[in-house]
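To start, the structure under review is shown below, and the notes come after it.
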Amino acid sequence: MARRALAAAVAFWAILGGLVLAGVVGLNLASILGGMVGHPVPGDFELTEIGTAIAVFAFLPWCQLTRANVTADVFTMGASPIWTARMSLAGSLAALAVAGILFWRMSLGLADQHAYGYTSAILQIPLWPCFVPVLVSLALLALAAAATLAEDATMARGRGNA
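Here full-length UniProt numbering is used: the first residue of the sequence shown is 1, the next is one more, and so on.
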């Protein structure tokens with residue numbers, strides 16, 4: 001049941017990331033077309049950077065939970081299911097560690113951005129709120145990695161098929 005709720009949350013978050021990315025595409029299209037008539041969208045590069053970062057981080061939990069990350073099949077082609085599960089376990093452990101470290105460092109980055117009032121150069125958008133969806137993504141990534149880690153541990157012991 002918890003796995004199903006996590007999957008729903010991760011899917012919803014990835015869909016939101018997709019909508020942000022679609023917005024970035026629309027913004028760039030508007031800027032290109034506007035540029036053709038002498039009215040490009042001001043700050044389009046800033047908005048593209050922010051939107052792309054938010055979208056990419058929003059996709060990470062989905063990739064982890066659905067095991068859609070890039071893998072090197074050359075290492076697993078002739079491997080036994082238990083050996084493959086152990087390698088997957090190592091990958092899930094690495095994803096959990098990376099999610100934790102990034103969450104820690106990005107939360108410090110958010111605090112600095114807020115404390116010093118950093119803004120984007122052209123539009124003067126405060127940057128600290130942009131960290132919030134990234135932190136949500138990293139928290140979901142940590143939960144997804146913990147879920148896949150538990151499944152991989154079961155498989156690595158030779159029990160079940162997660």
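Beta carbons: idealized from backbone N, C-alpha and C, even for Gly.
Here the structure is a predicted model, which is why all the values come from computation and not from measurement.
Along the chain, where does the alpha helix (DSSP H) containing L143 start, and where does it finish? Looking at the DSSP string, the run of the alpha helix (DSSP H) that includes L143 is 128-156.
Enclosing alpha helix (DSSP H) for M77 [first to last residue]: Per DSSP, M77 belongs to no alpha helix (DSSP H) and is neither H nor E.
In whole angstroms, what separates the C-alpha of A162 from that of A153? In this prediction, A162 scores a pLDDT of 48, lower than 50, which makes its location untrustworthy; the coordinate-derived value is nonetheless stated afterwards. Linking A162 to A153 through their CA atoms gives a straight-line distance of about 10 Å.
So what does T119 bridge to, in DSSP terms? DSSP lists P126 as partners of T119.
Considering only their Cβ atoms, is the gap separating A58 from V98 smaller than 9 Å? No, the pair does not count as a contact, with Cβ atoms beyond the cut-off.
What first and last residue would you give for the alpha helix (DSSP H) that runs through V56? Per DSSP, V56 belongs to the alpha helix (DSSP H) from 44-65.
Please state whether the Cβ-Cβ distance between V41 and G51 is less than 9 Å. It is not a contact, given that the beta carbons lie outside the stated cut-off.
Hey, A95 and L138 are a contact pair by Cβ (cut 8 Å); roughly how many whole angstroms apart? Between A95 and L138, the beta carbon gap of about 11 Å keeps them out of contact (Cβ cut-off 8 Å).
Any idea what DSSP makes of V37, helix, strand or coil? Reduced to three states, the DSSP call for V37 is coil.
Taking the beta carbon of I82 as the centre, do at least 16 other beta carbons fall within 10 Å, making it buried, or is it exposed? Exposed: under 16 other Cβ atoms inside 10 Å.
Under the three-state reduction of DSSP, which class applies to A162: helix, strand or coil? Note that A162 scores 48 on pLDDT, short of 50, meaning its location in the model is unreliable and no value can be drawn from it.
Determine contact between the stretch 5-25 and the stretch 62-79, defined as no fewer than three beta-carbon pairs at a distance below 8 Å. Segments in contact, yes.
Could you name the residues of the same chain whose beta carbon sits closer than 6 Å to that of S88, not counting the 5 residues immediately before and after it, in chain order? For S88, where only same-chain residues beyond five positions count, the Cβ hits under 6 Å are D152.
Leaving out five residues before and five after G23 in sequence, what residues of the same chain have Cβ atoms less than 7 Å from its Cβ? Non-local C-beta neighbours of G23 in its own chain, meaning closer than 7 Å and more than five positions away in sequence, comprise G51, ordered along the chain.
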